[in-house]
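A.B. asks: Right, I'll just put the structure down here and ask away after.
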Amino acid sequence: MGSGLWASNPGQYENVFVVRKNSMKYIPNYLEKGQLSKMFFLFPDPHFKERNHRRRVISPHLLDEYAYVLRVGGIIYTITDVEDLGEWMKACLDGHPLFEAISGDEILADTVVKLLSIATEEEQKVARNDGQTFQAVFRRVASRAPL
Numbered sequence: 001m002g003s004g005l006w007a008s009n010p011g012q013y014e015n016v017f018v019v020r021k022n023s024m025k026y027i028p029n030y031l032e033k034g035q036l037s038k039m040f041f042l043f044p045d046p047h048f049k050e051r052n053h054r055r056r057v058i059s060p061h062l063l064d065e066y067a068y069v070l071r072v073g074g075i076i077y078t079i080t081d082v083e084d085l086g087e088w089m090k091a092c093l094d095g096h097p098l099f100e101a102i103s104g105d106e107i108l109a110d111t112v113v114k115l116l117s118i119a120t121e122e123e124q125k126v127a128r129n130d131g132q133t134f135q136a137v138f139r140r141v142a143s144r145a146p147l
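If you count the sequence shown from 1, position 29 lands on 29 in UniProt numbering, and the numbers rise without skipping.
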């Protein structure tokens with residue numbers, strides 16, 4: 001968020017911040033347990049080579065960190081234009097006991113999901129090139145029955 005936005009709308013953006021750091025290393029240093037209600041992973045680096053999959057921003061070990069800072073009932077939104085990465089992120093989230101997929105009518109009613117399709121510059125580029133995107137939306141739960 002630019003300083004111009006804050007200046008032109010005083011007091012309206014007190015609960016938003018962006019940290020330009022490596023979240024894989026620093027997220028627990030900036031956020032408290034259950035502090036977030038939403039997390040967004042928009043067109044992350046796919047790290048195509050298998051030896052670099054550990055660097056993906058959605059991975060089994062990082063989901064523990066995200067579950068810590070995301071309150072119960074909080075939502076993780078993911079979107080990518082790389083099908084393999086979309087499947088990877090969905091599989092990681094599906095396999096984690098503290099996240100459950102949101103689908104159906106709940107997805108259709110979520111205004112954030114509608115905005116993901118038009119709001120980012122990357123999404124607009126994908127649309128101009130008649131590309132495809134892959135979204136996944138998951139809710140943080142207290143616990144989930146074993147799969």
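All C-beta atoms in this analysis are idealised placements derived from N, C-alpha and C, irrespective of residue type, glycine included.
Would you decide whether A91 is buried or exposed? Buried here means 16 or more other CB atoms lie within 10 Å of its CB.
C.D. replies: Translated into positions along the sequence shown, residue 91 becomes position 91. A91 should be labelled exposed.
A.B. asks: If you draw a straight line from the alpha carbon of K114 to that of G73, how long is it in whole angstroms?
C.D. replies: Counting from one through the sequence shown, the residue named residue 114 turns up at place 114. Counting from one through the sequence shown, the residue named residue 73 turns up at place 73. About 19 Å.
A.B. asks: V141 and T78: beta carbons closer than 9 Å?
C.D. replies: Translated into the one-based positions of the sequence shown, residue 141 becomes position 141. Translated into the one-based positions of the sequence shown, residue 78 becomes position 78. No, these two residues do not count as a Cβ contact at 9 Å.
A.B. asks: So for I58, helix, strand or coil by DSSP?
C.D. replies: Here residue 58 refers to the residue found at position 58 when the sequence shown is read from its first residue. Residue state, collapsed to three classes: coil.
A.B. asks: Which runs of the beta strand (DSSP E) at least 3 residues long sit entirely within the segment 46–126? Give them in chain order.
C.D. replies: Counting only runs of 3 or more, we get 70–80 and 99–101.
A.B. asks: Give me the DSSP bridge partner(s) of K25.
C.D. replies: The sequence position of residue 25 within the sequence shown is 25, counting from 1. Answer by DSSP bridge pairing: none, since K25 is not bridged.
A.B. asks: Distance check for I107 and W88, CA to CA, integer angstroms please.
C.D. replies: The count along the sequence shown starts at 1 and reaches residue 88 at position 88. The count along the sequence shown starts at 1 and reaches residue 107 at position 107. If I take the Cα positions, the gap works out to 20 Å.
A.B. asks: Spatial neighbours of V126 within its chain, please: CB distance less than 7 Å, with the 5 preceding and 5 following residues excluded, ordered by chain position.
C.D. replies: Taking the sequence shown and counting its residues from 1, one reaches residue 126 at position 126. If we look at V126 and ignore the five residues flanking it on each side, its Cβ neighbours are D81 and T133.
A.B. asks: For A7, name the three-state secondary structure that DSSP assigns.
C.D. replies: Locating residue 7 in the sequence shown gives position 7, counting from the first residue. In the structure shown, A7 sits in a helix (DSSP, three-state: H, G or I).
A.B. asks: Run through DSSP, which three-state label would R128 get?
C.D. replies: For the purposes of this step, residue 128 is taken as residue 128 along the sequence shown, with counting starting at 1. Helix at R128.
A.B. asks: Please list, in chain order, all residues of the same chain as E14 whose beta carbon is under 6 Å from its beta carbon, the five residues on each side excluded.
C.D. replies: By 1-based counting over the sequence shown, the position of residue 14 is 14. Result list for E14: empty, nothing under 6 Å.
A.B. asks: Inspect the beta-carbon positions of V69 and E32 and report whether they are closer than 9 Å.
C.D. replies: Position 69 of the sequence shown, counting from 1, holds the residue named residue 69. Position 32 of the sequence shown, counting from 1, holds the residue named residue 32. A contact, by the Cβ cut-off of 9 Å.
A.B. asks: L63 and L93 look like a contact to me (Cβ under 8 Å); what is the Cβ gap, rounded to whole Å?
C.D. replies: One-based indexing of the sequence shown puts residue 63 at position 63. One-based indexing of the sequence shown puts residue 93 at position 93. At roughly 7 Å, the Cβ-Cβ gap stays under 8 Å, so L63 and L93 are in contact.
A.B. asks: Taking buried to mean at least 16 other C-beta atoms within 10 Å of its own C-beta, is G131 buried or exposed?
C.D. replies: Locating residue 131 in the sequence shown gives position 131, counting from the first residue. Exposed, because fewer than 16 other Cβ atoms sit within 10 Å of the Cβ of G131.
A.B. asks: What do you get for G86, buried or exposed, if any count of 16 or more other CB atoms within 10 angstroms of its CB means buried?
C.D. replies: Here the question's residue 86 lines up with position 86 in the sequence shown. Looking at its Cβ environment, which holds 16 or more other Cβ atoms inside 10 Å, G86 is buried.
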